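Novice: If you read the sequences in order, they're chains A and B.
Going by the working numbering, the first sequence wraps up at 241, each residue one higher than the last.
Going by the working numbering, the second sequence wraps up at 241, each residue one higher than the last.
From the three backbone atoms N, C-alpha and C, an ideal C-beta is built for every residue, glycine too.
Predicted model, so just to flag it, every value in this text is computed and none were measured.
Below is one structure. I have some questions about it.
Protein chains: 2
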Amino acid sequence: MQVKPPKTSIRADNEAAILAAAESVFAEVGFKGATTSEIARRADVPKANLHYYFATKEDLYRIVLQRVLTVWLSAASSMDDNEEPEVALSRYIGMKMDLSRTMPLGSQIWASEIMRGAPMIKDFLETTLKEWVSDHEIVVQRWISDGKIYPVAPKALFFMIWATTQHYADFSTQIAAMNGGAPLSDEEFETARLQVIEMIVRSVVKPPAAPAKTL
Amino acid sequence: MQVKPPKTSIRADNEAAILAAAESVFAEVGFKGATTSEIARRADVPKANLHYYFATKEDLYRIVLQRVLTVWLSAASSMDDNEEPEVALSRYIGMKMDLSRTMPLGSQIWASEIMRGAPMIKDFLETTLKEWVSDHEIVVQRWISDGKIYPVAPKALFFMIWATTQHYADFSTQIAAMNGGAPLSDEEFETARLQVIEMIVRSVVKPPAAPAKTL
DNA sequence: GTCTATAATCGGATAGAC
DNA sequence: GTCTATCCGATTATAGAC
């Protein structure tokens, strides 16, 4: 008994092409704006054929969304609470910037889903995401108590991190327009990545106490 | 000869209702996802009737978009280059936070438009917005030369400001979920507003030189 | 298992009634 | 000037062919 039967090459290829096409269409125009015809066109499969592999547009969307949530979770776990705030924050922010670079479509789909009221991930937001926030608020509070960072509202910090890092994915069109019309090169992105880390870290982490000049 | 003939009350009321409904629908599902039927439904006018007041869906969208751009410009001009960086930045960030609070739909429509590749505001981005950025990069560079702020890439700073402030509009659903399911109250928002200003200012503005303990 | 012809519905827009 | 019946193309989905 084979739990995971090997898919035919045709099926595997078609499903992969459809999922990739779906990701790009959903990222551009959201769930409501997407049409199965456009997805099929980009996947280069006959329009009606798509429904053989994925019964409904909603099924397709759910699968694409699920992958986004999975990726989010992997990044979320990269924030190591046992490190010093500067290290933990730098790693997490850097990881989120990497995600915006390598998987911008996922970020855009997330944004679209939130803007329409998050009908399909409401539960994820209220459970998994909420718990991550609650858990890490405690960490930030401890950093504050230990005098390592300024007294800030933890949520405001998380929102700033999410907003700024995801901006490089969600608003890449606007960023390109500010960059003379071309998307950021690898070098330009790396500079931005370091800048974002540096600014956000400085926004909360106290500088090391300056050694008294005399004593 | 009357340049601006007074609109009948019926026309004025219907147009206003349709525009308000259009704004909310476009904010939720973007241009592509919006349907004239849904807009008409929310405006409480017969579906096909909408087309009497606004010829096409695109016309309606352009008008709504235009208002968003106008508001953006008014906020943009609130950054006074002659002030000290802390004052200028605080005012601009505060103004952007106010906009996110009072006109969240406009922010969401902007985000949607950017995510689909900005077909209708490409020109605005490449001219007006690009010029604002170029002009203000010079200001930030001067602040750096004057030793008032840390050496940061000006664009990275602008993006952080836009991203963080607009996050409170674009991701209000997610923020509400983190807030126990309820949107931020006026008090909670005011706290967030102050936190955002404080963090972003600290991310770039150098603290006043500490007076030497002894000398 | 894979794919296509076609049904059923919804969408944007208009011609013409009031 | 205001509004409605209606057209036509687009869209989702399926029944059934290969």
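Let me know the secondary structure DSSP gives A/Val231 once reduced to three states.
Specialist: strand
Novice: Within 8 Å (strictly less), CB to CB, does B/His193 reach chain A?
Specialist: yes
Novice: Got a sec, what are the start and stop residues for the alpha helix (DSSP H) A/Arg117 sits in?
Specialist: Pro111 to Thr128
Novice: For the segment 120–145 of chain B, list every residue whose C-beta sits within 8 Å of some C-beta in chain A, in sequence order.
Specialist: Gln134, Ala137, Ser138, Ile140, Met141, Arg142, Gly143 and Ala144
Novice: Could you tell me the alpha carbon to alpha carbon distance between B/Phe197 and A/Lys148, rounded to whole angstroms?
Specialist: 13 Å
Novice: Just to confirm my understanding: we take A/Leu86, look at its own chain, exclude 5 residues before and 5 after, and list those with CB closer than 6 Å. What are they?
Specialist: Ala48 and Phe80
Novice: Specify the secondary structure class of B/Ile65 as computed by DSSP and reduced to three states.
Specialist: Here B/Ile65 sits in helix by DSSP.
Novice: Tell me which residues of the segment 84–97 of chain A have at least one Cβ-Cβ distance to chain B shorter than 8 Å, keeping chain order.
Specialist: none
Novice: With a cut-off of 8 Å on the beta carbons, I'd call B/Phe52 and B/Val113 a contact; round off their distance for me.
Specialist: Not really, about 35 Å apart at Cβ, beyond 8 Å.
Novice: Please report the Cβ distance between A/Lys181 and A/Val159, rounded to the nearest whole angstrom; I am assuming they are in contact, meaning their Cβ atoms lie under 8 Å.
Specialist: 7 Å
Novice: Specify whether the segment 177–193 of chain A and the segment 184–204 of chain B touch according to this definition: at least 3 beta carbon pairs, one from each stretch, less than 8 Å apart.
Specialist: yes
Novice: Along the segment 149–169 of chain B, what residues have a CB closer than 8 Å to any CB found in chain A?
Specialist: Leu151, Glu152, Leu155, Lys156 and Val159
Novice: Would DSSP call B/Ile187 helix, strand or coil?
Specialist: helix
Novice: From B/Val222 to B/Ser100, what does the alpha carbon distance come to, in whole angstroms?
Specialist: 20 Å
Novice: Report yes or no: is there a C-beta of chain B within less than 8 Å of the C-beta of A/Gly173?
Specialist: no
Novice: Distance, Cα to Cα, A/Met141 vs B/Ile44?
Specialist: Cα-Cα distance, rounded: 21 Å.
Novice: Is there a Cβ from chain B that is less than 8 Å from the Cβ of A/Lys181?
Specialist: yes
Novice: Expressed to the nearest angstrom, what Euclidean distance is found between the alpha-carbon atoms of B/Arg67 and B/Arg219?
Specialist: Straight through space, the alpha carbons of B/Arg219 and B/Arg67 are spaced by roughly 35 Å.
Novice: With distances taken between CB atoms, is the gap from A/Val230 to B/Met225 smaller than 8 Å?
Specialist: yes
Novice: Between B/Ala102, B/Met105 and B/Ala46, which has its C-alpha nearest B/Leu76's C-alpha?
Specialist: B/Ala46
Novice: With 16 other CB atoms within 10 Å as the buried threshold, where does B/Gly56 fall?
Specialist: buried
Novice: Can you give me the Cβ contacts of A/Met123 inside the same chain, cut-off strictly under 7 Å, excluding the 5 residues immediately before and after it?
Specialist: Thr191, Tyr194, Arg219 and Val222
Novice: Taking 7 Å as the limit between beta carbons, can you name the residues of its chain near A/Leu151, skipping five residues before and five after?
Specialist: Once the five neighbours on either side are set aside, the close Cβ partners of A/Leu151 are Ala144.
Novice: Around the Cβ of A/Gln134, are there at least 16 other Cβ atoms within 10 angstroms (buried) or fewer (exposed)?
Specialist: Buried: at least 16 other Cβ atoms inside 10 Å.
Novice: Quick one: what does DSSP say A/Ile175 is sitting in, helix, strand or coil?
Specialist: strand
Novice: Would you say A/Arg68 faces chain B, with C-beta separation under 8 Å as the test?
Specialist: no
Novice: Excluding sequence positions up to five away, which residues of its chain have a Cβ less than 8 Å from the Cβ of B/Lys58?
Specialist: Arg142
Novice: Under a three-way DSSP split, which group does B/Trp136 fall into?
Specialist: helix
Novice: Please name the residue in B/Ser63, B/Ala208 and B/Asp106 whose C-alpha comes closest to that of B/Asp161.
Specialist: B/Asp106
Novice: Are B/Ala208 and A/Lys156 touching if we call contact CB-CB under 8 Å?
Specialist: No, they are not a contact pair.
Novice: Give a single yes or no on whether B/Ser133 has its beta carbon closer than 7 Å to a heavy atom of the ligand GTP.
Specialist: Within the structure as shown, the ligand GTP is missing, as the structure has no ligands at all.
Novice: Going by beta carbon distance, what residues of the same chain come within less than 7 Å of A/Tyr176, once the five residues before and after it are set aside?
Specialist: Val230 and Lys232
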